[in-house]
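Read the structure below first, then the notes.
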Amino acid sequence: MDADPVAEDVTGAPPVGVAIVDDHPVVIDGVRAWLAAEPRLRVLATGDDPDVVLGAAPEAEVILLDLRLHGRMVIDKLAELSSAGRRVVVYSEHTDPDTMLAALDAGAVAFLAKHEGREHCVATVLAAASDRPYVPPALAGAMVGDPRPDRPTLSDKEREALLLWFQSMSKASVARRMQISEHTVKQYVDRARIKYTRAGRPAATKAALLARAIEDGLVRPEEIGIYRSHAATDRPTP
Amino acid sequence: MPTELEAVPPGGGPLRTRRHRAPATSARTRGDRDPSATAGATRDAALPDPGGPAGWSDVPGDAAGAGGAATAVARASDRGARIAAVAIALAWHTAIGLPAVLSAWSGLAAPVVVAAGWAVTAAVGVTAAVRLLRGATPPARALTAVLLVVDAAVFAAAGERYLFTAANWVWGGLAWFFLLVLWRRPVGWLLALLGAHAVIALGAVLGSGTTTPADLTRYAMYVYGTSSLPVAVFAGAAAIAALARDRAGTAAAAGAVAAERVAGERAREDRRARLALVSGTAEEVLTALATGDADPADPEVRRRCVLAAARLRRLIAESDDVPDPLLHELRAAADLAERNGLPIDLIAIGVPPELPVQVRRRLADPLTAALAGARGWARLTVVAGPDEVAVSLVTPDHEGPDATGPPAAADGAGPVEQRHERDGEIRWTQTRWRRT
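As structure tokens, this is what we get:
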């Protein structure tokens, strides 16, 4: 499967500091082992309480957060961290579309299903560190099947790319099917994700994703205006 | 393989994940000419057969049972009231009206008019009775007009002497015919007609100069006496029919609830059975790993772990209480493949709309066929919206021959598109239905 780490602009830079919050030590150890094999990442702190973990490593750039801590969904904590500008990658075994979309609405930079594996995990964290979107297949499925009436308006190509990516988990196969390049497939998928920064309440992390997307030329500011809905208090785009 | 459940609409609700489903009921209005049956929106429940061997079965007989029987009760009670009303009207007309007219013949002001009115009314009564007993309603407007003309004519033709006697048969007997022609119409129409009847009578009373207080009192008594009983019968029949319809609706709803409970219980049992299977295999692997009997480096041990994990994931993903027929079919195919040792993920997003059996077949069959040739692992996904359903199977590519399903063809409910391709990396089978 072609997880596609955003490698080009972190080479030479110091490793990205990561904090892991999970209430299962075996999961923490597993994720730590995944990330340890990647020199561009360094795990700074782990634990089962977000406040304690961030107290120990306030400089962490990305937080991997298990959405369910001690039997409770921590969407509110996720929203709090996101509005404070913390880049949170949610990873959870709760992969029903409602939960995934709720996590995006609350400001999560990305959502990773626990079974999606090492490549997706590393790629997601690296992308998150640079405020870039990364859409693993499960999240693509949730977005393409979003039934909410106020969902962002996606173009036909964006929907098709999301659907095929969700189905096949192979951007090369999607590219062949759509007769476009893999790079373009990724662009369609990422553009769809950027449109979701306008769903739910505003958060600093969403603004950062949007700003970086405009900077990268992924979307144009005037395109964003089309689907502006209830994000009136959002930071103006640069 | 499961058989079809023919009629399980999703209730038309918004598409969410598969958690809260409308009951497995089809609420449809019967194409019946009888307004007493259509007014209540009869509900037919399509129930899954709790005793079937492999999931769903098609049981229209049982299905119609709950709603159908109650509807029959409602219809029977209304039919009884119709017969009673027809019998009263015609018996009154022949047993009381006719002898009185004949015995007073010579004293009537215009006996021929009175008799002709009687005959016209009898014809109206027979017409209405035939319609009523066939379960239809008489043409109210036309017959009402005829009856009012007869009413006025007979009042004028009876003469002062017989005004308050049975020979003026319209006063007492016509109200029953009003009842027949206005059957199943709003009770207000009957009251209005009886009002017109009273006004005609008052006109006749005043016109004949009988205006003493005693005459007017007698008039009031007559109006009350001739109107109250028909109104009571009319309202009573309407109330009984409404009550019966209500009970019919309640019975159908109870049937739907029972159906959903049975289906839900069935789904839970399936899930429990699979959980037992998964727990068994997972426990085995974990125990072997813990005791050191199994080596994590052994590919066979790893394959067993992957299989157990895939099963657990699928169990977790099944959040629907009453599975949709399409998902049910796909899940059954996935179960089968899994029993042959293939780790398979089945992910469903959205609730498929109600699809004709042929469409469902064309969506599912190519996938189940491809699944039979799958090696290594499989990813089966369903993305459903109100106007589109996309089903996909991805497995690693291998040297073996292609196993493709039957060719897709256009269909009345929207075309099902089928694609199958292999690129050396994956084999990808996709079926897609779009509402046209």
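As given, the protein sequences belong to chains Z and F, one line each in that order. For the first sequence, position 4 (counting from the first letter as 1) is numbered 141 according to this note's numbering, and the numbering increases by one without interruption. For the second sequence, position 333 (counting from the first letter as 1) is numbered 1755 according to this note's numbering, and the numbering increases by one without interruption. Using N, Cα and C, we set each Cβ at its ideal position, and we do this for glycine too.
- At least one CB of chain Z lies nearer than 9 Å to the CB of Thr1803 (chain F).
- Taking the beta carbon of Ser305 (chain Z) as reference, the chain F residues within 7 Å of it are Val1816, Ile1848 and Trp1850, listed in sequence order.
- Along the region 1760-1772 of chain F, going in chain order, the ones with a CB nearer than 7 Å to a CB of chain Z are Ile1769, Ile1771 and Gly1772.
- The beta carbon of Val1813 (chain F) sits closer than 6 Å to the beta carbons of Leu1785, Leu1789, Val1804 and Thr1853 from its chain, once the five residues preceding and following it are set aside; these are given in chain order.
- Chain-order list of chain Z residues neighbouring Ala1812 (chain F): Leu300, by C-beta distance under 7 Å.
- Contact annotation: Asp242 (chain Z) and Arg338 (chain Z) have beta-carbon atoms nearer than 9 Å.
- Cβ contact annotation for Gly1594 (chain F) (same chain, cutoff 6 Å, sequence separation greater than five): Thr1648, in chain order.
- Nearest C-alpha to Gly254 (chain Z) among Z:Arg223, Z:Val168 and Z:Asp287: Z:Val168.
- Arg1735 (chain F) reaches chain Z at His252, counting residues in chain order whose Cβ is nearer than 7 Å.
- Exclusion of the five residues before and after Thr1549 (chain F) leaves Pro1560 and Leu1565 as the residues of its chain whose Cβ lies within less than 8 Å of its Cβ.
- Under the three-state reduction of DSSP output, Trp1605 (chain F) falls in the coil class, being neither helix nor strand.
- Relative to Lys214 (chain Z), the option among Z:Ala194, Z:Asp185, Z:Asp235 and Z:Lys332 whose CA is nearest is Z:Asp185.
- DSSP assignment within the region 1554-1632 of chain F yields the following whole alpha helix (DSSP H) runs of 4 residues or more, N-terminal first: 1562-1580, 1591-1603 and 1609-1629.
- Listed along the chain, the chain F residues whose CB falls inside 8 Å of the CB of Val281 (chain Z) are Ile1771 and Val1805.
- Burial is judged here by how many other beta carbons sit within 10 angstroms of a residue's own beta carbon; Gln316 (chain Z) has fewer than 16 and is exposed.
- The DSSP assignment places complete alpha helix (DSSP H) segments of no fewer than 4 residues inside the region 241-267 of chain Z at 254-266, in order along the chain.
- Secondary structure of Gln324 (chain Z) (DSSP, three-state): helix.
- In the structure shown, His207 (chain Z) falls within a coil segment according to DSSP collapsed to helix, strand and coil.
- With 16 or more other Cβ atoms from the protein chains shown falling within 10 Å of its own Cβ, Ala336 (chain Z) counts as buried.
- The beta carbon of Leu1512 (chain F) lies closer than 6 Å to those of Gly1547 in the same chain, with the five residues before and after it left out.
- Close CB contacts of Asn1590 (chain F) within its chain, under the 6 Å cut and outside five residues either way in sequence, are with Ala1580 and Tyr1584 (chain order).
- Val190 (chain Z) counts as buried, since no fewer than 16 other beta carbons sit within 10 angstroms of its beta carbon.
- Taken in chain order, the whole beta strand (DSSP E) runs of length 3 or more contained in the region 189-236 of chain Z are 199-203 and 224-229.
- Non-local C-beta neighbours of Phe1577 (chain F) in its own chain, meaning closer than 6 Å and more than five positions away in sequence, comprise Ile1622 and Ala1626, ordered along the chain.
- When the Cα atoms are used, Leu1604 (chain F) and Phe1656 (chain F) turn out to be separated by approximately 9 Å.
- Taking C-alpha positions only, Val1571 (chain F) is separated from Ala1642 (chain F) by approximately 22 Å.
- In terms of Cβ geometry, Ala1544 (chain F) and Leu1602 (chain F) do not form a close pair [threshold 9 Å].
- As summarised for the region 1756-1819 of chain F, the continuous beta strand (DSSP E) elements at least 3 residues long and confined to that stretch are 1766-1771, 1800-1806 and 1810-1818, given in chain order.
- With the rule of 3 Cβ pairs closer than 8 Å, the region 244-254 of chain Z counts as touching the region 219-227 of chain Z.
- Leaving aside the five residues that flank Leu1530 (chain F) on each side, the residues in its chain whose CB is nearer than 8 Å to its CB run, in chain order, Val1523, Val1536, Ala1579, Ala1580, Gly1581, Tyr1584 and Ala1589.
- With a beta-carbon spacing of about 5 Å, Val1728 (chain F) and Pro1765 (chain F) fall inside the 8 Å limit used to define contacts.
- Within the DSSP bridge table, the entry for Gln1840 (chain F) names F:Thr1853 as partners.
- In the three-state DSSP reduction, Val180 (chain Z) falls in the strand class (E or B).
- Within 10 angstroms of the beta-carbon of Arg177 (chain Z) lie 16 or more other beta-carbons, which makes it buried.
- The Cβ atoms of Ala309 (chain Z) and Val326 (chain Z) do not sit closer than 9 Å to each other.
- Contacts between Asp1845 (chain F) and chain Z, judged by CB atoms closer than 7 Å, involve Ser310 and Arg313 in chain order.
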